[in-house]
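Structure first, commentary second.
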Amino acid sequence: MNNKKKNEGQTDFSYYGLYLLDYLRTNKFEQASDAAFIRERADRAAEMYEKARLEGYATDGAQELAMDTLLRGLRYSRYAILREVVENEFSDEVPEEKREAFIHKLLPLVGNVFSVYDLSDDNFALSSDYDLLYTELTGATVLYIGEYGV
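For the sequence shown, full-length UniProt numbering assigns the number 1 to the initial residue and increments by one for each residue that follows.
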C-alpha cells in the first residue's frame, strides 16, 4: 500500500517524465515533487527526440539528444556529491548501514558550502571548482565527525 501511495499522480507521466522523476528522487533533487517541472522537461525531451528523428538522426542519437535536454542543469545534486565524499573518504568511519542517515543529517549543515558553486553547470565535475567543493565537504565532514561522531 505504501508503494501505491508513493506512485499516485505519476501514472500520467511519459517515459521521459518517469525517468526524470526517478532520477530526481534517487539524487534527492528538490524538483522531485514538482510535477509541472517534470512535465515541462519531459515534453521538451520528447520534442527533441521527435525533431532529431525527423532530421535523420538514428534512434540512439535522437535518444542521446533527448536525454541531454531532459537532464540539462541537473547533473549534480548536493546529496549525490556529499554521498560521494562520504563513500570515498569516510567508508571506515561511517558504516554502510549508517551512511544514508548520516548524509541526511549532515546535508543541511553543509548547505552554505554548496552555495558558492554552480552545480547546474553540466561540466562542473571537470572544473577546479568541483575539486574545491569536494575538499571543503571533506573538511566539513571531518569537523562534524570530530565534534559529534557518526
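Glycine included, each C-beta is placed from N, C-alpha and C at the ideal position.
Could you compute how far the alpha carbon of residue i sits from the alpha carbon of residue j?
i    : j    : result
A35  : R25  : 12 Å
D129 : G149 : 28 Å
L132 : G146 : 21 Å
A125 : F13  : 30 Å
T138 : Y57  : 43 Å
S120 : L65  : 18 Å
A45  : E96  : 36 Å
D118 : Q63  : 26 Å
F90  : D68  : 32 Å
E47  : G111 : 35 Å
P108 : N27  : 15 Å
Skipping 5 residues on each side, what residues in its chain have a beta carbon closer than 6 Å to that of residue i?
i    : result
M1   : Note on M1: pLDDT 41, under 50, position unreliable in the model; the coordinate value appears next. Correct list: empty, nothing qualifies.
N88  : none
F29  : S77
E100 : none
Y23  : none
D122 : R75
A32  : L24, R25
Tell me which residue opens and which closes the alpha helix (DSSP H) that residue i is part of.
i    : result
R83  : 78 to 89
D12  : Unbroken run through D12: none, as it is neither H nor E.
R41  : 35 to 54
D60  : 59 to 71
E136 : 128 to 148
Classify residue i: buried if its beta carbon has 16 or more other beta carbons within 10 angstroms, exposed otherwise.
i    : result
S77  : buried
V94  : buried
G73  : exposed
Y49  : buried
L143 : exposed
Counting only the same chain and skipping the five closest in sequence on each side, list residues whose C-beta sits under 7 Å from that of residue i.
i   : result
L20 : I38, R41, A42, L70
V85 : Y134, L137, T138, T141
G17 : I38, R39, A42
Counting only the same chain and skipping the five closest in sequence on each side, list residues whose C-beta sits under 8 Å from that of residue i.
i   : result
R83 : R99, I103
T59 : R53
Unbroken stretches of the alpha helix (DSSP H), 4 residues or longer, contained in the stretch 97 to 124: For the stretch 97 to 124, the full-length alpha helix (DSSP H) segments reaching 4 residues or more read 111 to 114 along the chain.
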